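Each position in the sequence shown, counted from 1, maps to that position plus 36 in the numbering used here. Cβ atoms here follow ideal geometry from the backbone N, Cα and C, with glycine treated the same way. Predicted, not measured: the structure shown is a model, and the values here were computed from it.
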Amino acid sequence: MVTGDGVVSRQGARRKRWSRWQAMAERQREVARRHGQEAQLRIAAMAFETHLGMFVTDAEGRILRTNATFRQITGYAAEEIVGHSPRILNSGRHDDHFYQRMWCAIADKGSWQGEIWNRRRSGEIYPQWLTISAVKDDEGRITNYVATLSDITERKAAEEEIHQLAFYDPLTGLPNRRLLVDRLESALKESRRSGEYGAVMFIDLDNFKTINDSLGHHRGDELLLIIAERLTAITRETDTIARLGGDEFVVMLHDLGLEADEAAMVAERVGEKLLASLVEPCMLGEMRCQVSGSIGITLFTDDLATVNDILQQADLAMYQAKAAGRHALCFFDPAMQARVMERASLEADLRQALADGLLRLFYQVQVDEEGQTTGVEALLRWEHPERGLVSPGVFIPVAEENGLIVPMGLWVLETACRQLAVWAAMPAAEHLTMAVNVSRDQFRAPDFVARLERILAVTGARPERLKLELTETLFLEDSEDTRDKMQRLKGLGIGFALDDFGTGYSSLAYLKRLPLDQLKIDQSFVRDLLDDPTDATIVTTIITLARSLELEVIAEGVESEEHRRWLAEQGCRAFQGYLFGRPVPVEELPLAAEVV
Ligand SMILES: Nc1nc2c(ncn2[C@@H]2O[C@H](COP(=O)(O)O[C@H]3[C@@H](O)[C@H](n4cnc5c(=O)[nH]c(N)nc54)O[C@@H]3COP(=O)(O)O)[C@@H](O)[C@H]2O)c(=O)[nH]1
């Protein structure tokens with residue numbers, strides 16, 4: 037039986053056991069808590085020792101702790117810097133405003149991060165990426181600041197290199213086109229805001245190619261460096277001097293005042309100084325060299341011109357300066373731009389016309405002393421859909437300049453030869469000759485003879501009926517190649533007339549050396565020969581000269597019977613001009629009906 041005391045004593049024993057267990061459990065929990073805290077401390081300590089530099093400050097900004105990477109980056113050991121303010125790291129590169137913004141961000145958002153220039157213990161200033169976070173207690177009071185930092189010197193250097201490559205000319209170190217465009221865009225905006233003028237000067241060296249070709253590219257590079265230095269020395273630090281490539285430089289000036297005249301005067305003064313500096317002799321190796329430059333200037337202000345427009349205007353003005361004889365400066369003139377644009381549109385249309393078959397050949401008769409047609413001259417015409425019939429006097433120079441004369445001239449030769457072949461099969465026309473104008477560059481094309489041979493073969497035209505009209509410009513340079521080609525063509529039976537005789541070079545030496553058949557007296561002498569004794573003398577001299585050289589002579593531009601008679605009296609036996617017929621399409625030629 038269990039007594040009441042016995043019950044009490046059992047309950048007491050159970051309570052004791054229970055309290056022992058509780059105490060044991062509490063000890064175990066305490067041990068676990070300690071282990072947990074230690075683990076957390078270990079983790080925190082490990083995390084603190086990362087590849088990022090770290091330091092912790094108290095609320096007043098005194099450094100409490102730094103890690104090993106901090107020491108590697110800054111050079112400061114913990115014992116040297118603990119207790120100090122991080123201001124010890126300042127580089128002096130940032131103003132108060134920078135630090136104010138940083139602390140405002142930390143106060144507002146709890147953290148700040150960004151690029152900052154700091155100073156190492158060694159004194160070296162370097163860029164770093166810095167993050168600062170505020171640590172707060174349960175009441176929201178800042179207790180500490182934790183900062184992480186990394187050295188971004190290498191990244192900055194790579195960025196700098198990329199920037200340098202992208203925006204600077206590798207040879208001279210001057211801004212390149214991209215940077216110039218950037219700066220010009222900003223200058224334009226500024227100019228629109230302030231109303232002040234700016235100027236762009238396009239500079240091209242006049243004889244750089246000769247130096248490059250004769251002394252070699254490394255000497256050419258040396259010269260470009262000298263020029264870059266001279267341009268930099270003359271201009272102000274706020275001006276931009278850029279090299280666009282080759283021997284092309286651009287100088288941009290801004291804040292030239294509110295008046296165009298005043299701005300133009302300043303730009304002109306600077307331009308003249310630049311011109312003078314370019315012609316200063318310089319030594320390239322052992323050689324004393326001298327170059328000159330041509331400068332095109334355009335002003336810009338608050339108008340609607342774009343950066344491209346401005347550069348184009350300065351470029352155009354520079355070409356004008358070159359055309360004016362080089363070593364000159366020239367201001368952009370809008371009329372010049374209109375002319376260039378008109379020419380560009382003509383050029384584009386002309387290419388299209390050749391492709392679309394809008395070119396035509398007209399024919400103008402050539403007659404003998406009896407007025408009998410002996411042949412024709414093929415004259416090119418362009419039927420433009422909007423401009424109407426465009427004169428070759430307008431479009432041939434354009435074609436000569438852009439090289440289109442070569443395919444165009446071949447088309448003329450082939451069309452004329454086809455017509456010759458048609459006439460060859462007609463008794464009334466088989467005697468007719470065909471004079472075809474051949475431009476200098478067309479004749480100089482290396483495959484000209486081969487192409488003409490192919491045309492003759494394809495069309496079946498008889499070479500003896502073909503006469504090529506060449507001009508004196510072809511003979512300005514005494515070229516073996518020209519003589520050789522003429523002789524090969526002569527060997528095929530083709531004849532040669534010297535067109536516009538008397539208007540060009542007229543060295544009589546080549547008349548003897550070249551296999552010419554005919555001199556063509558230019559119409560400018562024929563026009564006034566009845567009134568102008570000088571022209572009359574020139575014409576009689578040409579006729580006499582032709583006779584003495586045993587060359588035929590033909591007068592062009594014969595418009596009246598008086599002209600024809602006067603020329604015939606001087607011994608001229610062949611004529612061409614409106615008196616006998618204007619250039620017309622083949623079907624309108626005043627020949628026997630069966631001929632066309
Ligand atoms: N390379 C090529 N040049 C060509 C070709 N076709 C023509 N041309 C050259 O273009 C210039 C202008 O030619 P065009 O307007 O055809 O003028 C010719 C005649 O129309 C004109 N002429 C003829 N008779 C008279 C006249 O009595 N009065 C007068 N005012 N003008 C007249 O003269 C031009 C003939 O020129 P030329 O060749 O010098 O004999 C001109 O330079 C052409 O050469 C071509 O296919 N290729």
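{"Item": "Per-residue burial, glutamine 704 [other beta carbons within 10 Å of its own, 16 or more giving buried]", "Value": "Absent from the model: residue 704. The displayed extent of the chain is 37 to 632, so no value can be given."}
{"Item": "Residue of Gly97, Glu505, Leu88 and Val562 minimising C-alpha distance to arginine 107", "Value": "Leu88"}
{"Item": "Beta-carbon proximity list for serine 33, same chain, < 7 Å, skipping 5 on both sides", "Value": "Lying before the first or after the last residue shown, residue 33 is absent from the chain, which here runs from 37 to 632."}
{"Item": "Rounded separation between glutamine 356 and cysteine 366 - CA only", "Value": "7 Å"}
{"Item": "Aspartate 520 versus isoleucine 432: straight-line alpha-carbon distance, rounded", "Value": "26 Å"}
{"Item": "Alpha-carbon to alpha-carbon, glutamate 500 and glutamine 523", "Value": "14 Å"}
{"Item": "Proximal residues to leucine 528 (C-beta, below 6 Å), its chain only, five neighbours per side dropped", "Value": "Pro499"}
{"Item": "Residues of its chain near threonine 167, where Cβ-Cβ distance is below 6 Å and the 5 sequence neighbours each way are ignored", "Value": "Gln149 and Thr184"}
{"Item": "Local conformation of valine 327 per DSSP, three classes", "Value": "coil"}
{"Item": "Arginine 480 (DSSP reduced to helix, strand or coil)", "Value": "helix"}
{"Item": "Same chain, Cβ closer than 7 Å to glycine 252, neighbours up to 5 away in sequence not counted", "Value": "none"}
{"Item": "C-beta atoms of valine 594 and leucine 581 nearer than 9 Å", "Value": "no"}
{"Item": "In DSSP terms, what valine 640 is bridged to", "Value": "With the chain covering only 37 through 632, there is no way to say anything about residue 640."}
{"Item": "Where phenylalanine 238 falls, given that 16 or more other Cβ within 10 Å makes a residue buried", "Value": "buried"}
{"Item": "Short Cβ contact (9 Å threshold) for alanine 95 with threonine 179", "Value": "yes"}
{"Item": "Whole beta strand (DSSP E) elements within the region 468 to 531, 3-residue minimum", "Value": "469 to 473 and 502 to 507"}
{"Item": "Through-space distance from valine 171 to aspartate 144, alpha-carbon basis", "Value": "13 Å"}
{"Item": "When Gly307, Pro122 and Glu190 are compared against glycine 97, the one with the closest alpha-carbon", "Value": "Pro122"}
{"Item": "Heavy atom of ligand 1 within 8 Å of tyrosine 399 beta-carbon", "Value": "no"}
{"Item": "Neighbour-count burial assignment, threonine 39, 16 or more Cβ in a 10 Å radius", "Value": "Residue confidence is low: threonine 39 scores 45 on pLDDT, short of 50, so the model does not pin down where it sits. No coordinate-derived value is stated."}
{"Item": "Ranges of the alpha helix (DSSP H) found wholly within the region 245 to 320, counting only runs of at least 4", "Value": "253 to 270 and 296 to 314"}
{"Item": "Three-state class that DSSP yields for valine 412 in the structure shown", "Value": "strand"}
{"Item": "Same chain, Cβ closer than 7 Å to glutamine 400, five either side skipped, listed in chain order", "Value": "Val412, Glu413, Leu415, Gln612, Gly617, Arg618 and Pro619"}
{"Item": "Distance between glutamate 74 and arginine 155 (C-alpha atoms, nearest Å)", "Value": "36 Å"}
{"Item": "Glutamine 554 classed as buried or exposed, judged by whether at least 16 other C-beta atoms fall within 10 angstroms", "Value": "buried"}
{"Item": "Between the CA atoms of alanine 380 and leucine 352 - distance to the nearest angstrom", "Value": "13 Å"}
{"Item": "Cβ contact check for the region 257 to 273 and the region 197 to 211: 3 or more pairs under 8 Å", "Value": "yes"}
{"Item": "Three-state secondary structure assigned by DSSP to asparagine 438", "Value": "helix"}
{"Item": "Cβ-Cβ distance between asparagine 473 and valine 448 below 9 Å", "Value": "yes"}
{"Item": "Leucine 416 beta carbon near ligand 3 (any heavy atom closer than 8 Å)", "Value": "Ligands in the displayed structure: ligand 1; ligand 3 is not one of them."}
{"Item": "Cβ-Cβ distance between methionine 127 and tryptophan 153 below 9 Å", "Value": "Sequence inspection shows serine at residue 127; the methionine mentioned does not correspond to that position. Yes. Within cutoff."}
{"Item": "Inter-residue Cα distance where the pair is isoleucine 142 and tyrosine 181", "Value": "10 Å"}
{"Item": "Those residues which DSSP pairs with aspartate 339 across a bridge", "Value": "In the DSSP output, where bridge partners are listed per residue, aspartate 339 has none listed."}
{"Item": "Environment of threonine 93 [buried if 16+ CB atoms lie within 10 Å]", "Value": "buried"}
{"Item": "Beta-bridge partners of serine 169, as assigned by DSSP", "Value": "Ser147 and Val182"}
{"Item": "Cβ distance (whole Å) where leucine 289 is taken to contact aspartate 275 below 8 Å", "Value": "5 Å"}
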